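Notes for the one structure printed next.
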Amino acid sequence: MRSFSLIDFVSLFTALRWTVALVVLALAFGAPLALGLALGRISRFAGLRWAMAACIQVIQSVPLLGLLFFFYFGMPMFLGIQVPAIIAVTVAYTLYTAAFLGEIWRGGLEAVKQAQWEAGACLGLSAWQQFRHIIAPQALRLSLPPTVGFLVQLIKGTSLASILGFVELARAGQVVSAATFQPLLTYALVAAIYFALCLPLTLWSRTLEARLDGSR
Amino acid sequence: MNFLPLWRYQNQLIDGAIVTLELTVISAVCGLLIGIAGAVALNGRITPLRWLVRGYIELFRNTPSLIQIFIVFFVLPNFGLKLPAFEAAAVALSLYFGAYSVEIIRSGLDSIPRSQVEAGACLGLSGWQVFRHIILPPALRNAYPAVTSQFVLLLLGTSLASQVAADELFHVAGFIESRTYRSFEVYAVICAVYFAMAMSFKALFAIIGVAAFRWPRRR
Chain A
1 MRSFSLIDFV
11 SLFTALRWTV
21 ALVVLALAFG
31 APLALGLALG
41 RISRFAGLRW
51 AMAACIQVIQ
61 SVPLLGLLFF
71 FYFGMPMFLG
81 IQVPAIIAVT
91 VAYTLYTAAF
101 LGEIWRGGLE
111 AVKQAQWEAG
121 ACLGLSAWQQ
131 FRHIIAPQAL
141 RLSLPPTVGF
151 LVQLIKGTSL
161 ASILGFVELA
171 RAGQVVSAAT
181 FQPLLTYALV
191 AAIYFALCLP
201 LTLWSRTLEA
211 RLDGSR
Chain B
1 MNFLPLWRYQ
11 NQLIDGAIVT
21 LELTVISAVC
31 GLLIGIAGAV
41 ALNGRITPLR
51 WLVRGYIELF
61 RNTPSLIQIF
71 IVFFVLPNFG
81 LKLPAFEAAA
91 VALSLYFGAY
101 SVEIIRSGLD
111 SIPRSQVEAG
121 ACLGLSGWQV
131 FRHIILPPAL
141 RNAYPAVTSQ
151 FVLLLLGTSL
161 ASQVAADELF
171 HVAGFIESRT
181 YRSFEVYAVI
191 CAVYFAMAMS
201 FKALFAIIGV
211 AAFRWPRRR
């Protein structure tokens with residue numbers, strides 16, 4: 001047992017880079033997939049719509065912790081080779097991000113009136129041009145507040161990677177708490193760091209929402 | 001892949017699922033009560049109380065549930081309040097659910113135009129009658145989808161209680177894993193059980209929604 005010192009502060013803050021890395025990885029792979037899911041959900045083909053809806057339902061009905069364990073133990077089994085834990089975890093966070101962002105973005109796309117697509121078609125734009133120049137900018141504006149809100153969920157969700165041994169913020173907190181026997185100070189500090197990361201995003205999301213409300 | 005060794009543990013799985021459901025329902029009920037109290041306080045005239053509720057909401061919505069469970073479980077004993085794992089998780093999850101419910105319930109109440117309340121008063125209804133017949137039904141209908149989806153997230157979130165060894169479903173998974181060494185199979189089964197529970201609740205809520213509120217509304 002030792003007292004809480006500067007070293008412990010430093011170790012908490014350096015552990016932050018894993019929190020950030022997991023968020024960046026989840027977004028980098030999850031966001032394109034989410035766009036695909038959202039487009040699939042509004043597609044003309046019923047089969048595709050159903051398949052995408054089923055994927056999203058499954059992922060949203062399983063705990064994130066379950067997803068993490070499923071891929072952590074399942075990836076080596078499916079592929080028949082050892083994969084680094086980071087890959088398994090990235091796959092889990094990617095699917096989690098894709099499912100939730102996909103639904104959010106679908107909501108944004110559906111909120112843009114059908115007539116706007118038709119107007120684009122009347123102007124002789126191709127389907128992609130309609131999406132790119134008419135629908136996407138409006139949908140983006142509408143779905144920005146919930147997207148930022150989801151980012152907060154994602155940041156909080158990375159704390160679960162601690163359970164698989166990633167030394168991110170939550171895990172560093174456990175380590176420091178065990179070493180110093182100061183759970184109060186340590187966990188208060190950990191919570192404060194998460195709070196400092198998430199609160200600005202929450203407030204930003206709320207401002208965006210208020211602005212959207214005013215402009216309609 | 002071999003699921004057979006897990007068959008012997010079906011009773012533990014069922015027990016774990018029951019504890020998960022208990023934890024979810026207890027936290028949801030307590031959380032909703034907190035949410036109603038908080039929404040009333042937010043609409044009230046006592047400014048310090050409003051600030052207090054605001055602070056509570058922001059604090060619990062912007063920190064991970066896992067850390068909140070750790071704090072209740074590991075930190076409260078320092079103040080002489082030692083809770084068993086299940087109770088600690090229930091307290092933490094109630095407060096977490098409560099923070100989200102305040103906003104949901106408040107926005108449900110806020111969605112009723114002021115003029116409707118005044119119209120009710122013009123008809124000679126008492127304050128309670130206005131609340132009961134004019135505000136409550138549409139407020140419930142507006143808040144219903146958000147409350148139910150938050151409930152399903154809570155059900156999935158109870159898995160975090162395993163980290164302080166509350167004997168719910170996910171903790172049972174760890175137990176079975178340690179006995180059988182069938183890590184992947186165990187977690188695949190556990191995921192399937194959560195999926196079945198979540199889908200059942202979604203279906204139930206959809207039926208209740210249609211029956212009670214004719215929801216989703218026809219346009």
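Going down the list, the protein sequences come from chains A and B.
In this text, residue positions in the first sequence follow full-length UniProt numbering: the first is 1, and each later residue adds one.
In this text, residue positions in the second sequence follow full-length UniProt numbering: the first is 1, and each later residue adds one.
Where is the CB? At the ideal position from N, CA and C, for every residue including glycine.
Quantities reported herein were computed from a predicted structural model and do not represent experimental measurements.
Per DSSP, the unbroken alpha helix (DSSP H) holding B/His-171 starts and ends at 169 to 180. The alpha helix (DSSP H) runs lying completely inside the region 108 to 135 of chain A and spanning 4 residues or more are 114 to 122, given in chain order.
For B/Ile-190, at least one C-beta of chain A is nearer than 8 angstroms to its own C-beta. By the Cβ criterion, the region 156 to 175 of chain B is in contact with the region 87 to 94 of chain B, since at least three pairs of Cβ atoms, one from each stretch, lie closer than 8 angstroms. The beta carbons of B/Leu-136 and B/Tyr-194 sit no closer together than 8 angstroms. Residues Leu-169 of the same chain have their beta carbon placed closer than 6 angstroms to that of A/Leu-16, with the five preceding and five following residues left out of the count.
Chain order gives the chain A residues near B/Val-75 as Pro-183, Leu-184, Tyr-187, where near means a beta carbon separation below 7 angstroms. A direct Cα-Cα distance of roughly 47 angstroms separates B/Ser-115 from A/Tyr-187.
Between A/Ile-163 and A/Thr-19, the beta carbon gap of about 14 angstroms keeps them out of contact (Cβ cut-off 8 angstroms). Excluding its 5 nearest sequence neighbours in each direction, B/Ser-65 has C-beta neighbours in its own chain below 6 angstroms: Tyr-96, Gly-157, Leu-160, listed in chain order.
Shown here, B/Arg-214 sits in coil according to DSSP, grouped into three states, outside any helix or strand.
Under the three-state reduction of DSSP, A/Phe-166 is assigned to coil, being neither helix nor strand. In this chain, the alpha helix (DSSP H) harbouring B/Ile-34 covers 10 to 43. Put simply, the CB of A/Pro-146 is far from chain B, with every gap to its CB atoms at 8 angstroms or more. Taking the Cβ atoms as the reference, B/Ser-94 lies roughly 18 angstroms from B/Ser-162, outside the contact range of under 8 angstroms. Contact of B/Phe-97 with chain A by beta-carbon distance below 8 angstroms is absent, the smallest such distance being about 14 angstroms. CA-to-CA, the gap between A/Trp-204 and A/Cys-55 works out to about 30 angstroms. With respect to the C-alpha of B/Leu-13, the residue from B/Ala-206, B/Ala-203, B/Gly-209, B/Met-197 having the closest C-alpha is B/Met-197.
For B/Gly-44 and B/Gly-38, the gap between their C-alpha atoms comes out near 10 angstroms. Distances from the alpha-carbon of B/Ala-119 to those of B/Ile-104, B/Leu-109, B/Val-130, B/Gly-35 put B/Val-130 closest.
Of B/Phe-74, B/Tyr-56, B/Val-53, B/Asp-15, the smallest CA-CA separation from A/Gly-173 is found for B/Phe-74. Put simply, the CB of B/Phe-195 is near chain A, with a gap under 8 angstroms to one of its CB atoms. Using a Cβ-Cβ cut-off of 8 angstroms, A/Phe-69 counts as an interface residue toward chain B, since at least one Cβ of chain B sits closer than that to its own. Taking CB atoms only, B/Tyr-187 has a neighbour in chain A less than 8 angstroms away.
A residue is called buried when at least 16 other Cβ atoms come within 10 angstroms of its Cβ; A/Tyr-72 meets this threshold and is buried.
Separation of the CB atoms of A/Phe-70 and B/Ala-188 is rounded to 6 angstroms, and the pair is thereby assigned contact status at 8 angstroms. With a beta-carbon spacing of about 10 angstroms, B/Ile-69 and A/Ser-159 fall beyond the 8 angstroms limit used to define contacts.
Proximity of A/Met-77 to chain B, defined by a Cβ-Cβ separation below 8 angstroms, is satisfied. In this structure, the alpha-carbon of B/Gln-150 lies about 44 angstroms from that of A/Gly-124.
Counting along the chain, the unbroken alpha helix (DSSP H) around B/Val-152 starts and ends at 136 to 157.
Within its own chain, the residues whose Cβ lies closer than 7 angstroms to the Cβ of B/Asn-142, once the five positions on either side in sequence are excluded, are Gly-108, Ser-111, listed in chain order.
Leaving aside the five residues that flank A/Arg-171 on each side, the residues in its chain whose CB is nearer than 6 angstroms to its CB run, in chain order, Ser-162.
Residues of chain B whose Cβ lies closer than 9 angstroms to the Cβ of A/Lys-113 do not exist; the shortest such Cβ separation is about 13 angstroms. Close partners of A/Ser-61 in chain B (Cβ separation under 8 angstroms): Val-152, Leu-156, Tyr-194, Phe-195, Ala-198, Met-199, Lys-202.
By the C-beta density criterion, A/Val-10 is exposed, having fewer than 16 other C-beta atoms within 10 angstroms.
Take B/Val-152, set aside five residues on each side of it, and the residues of its chain with a beta-carbon closer than 7 angstroms to its own are Ala-198, Phe-201, Lys-202, in chain order.
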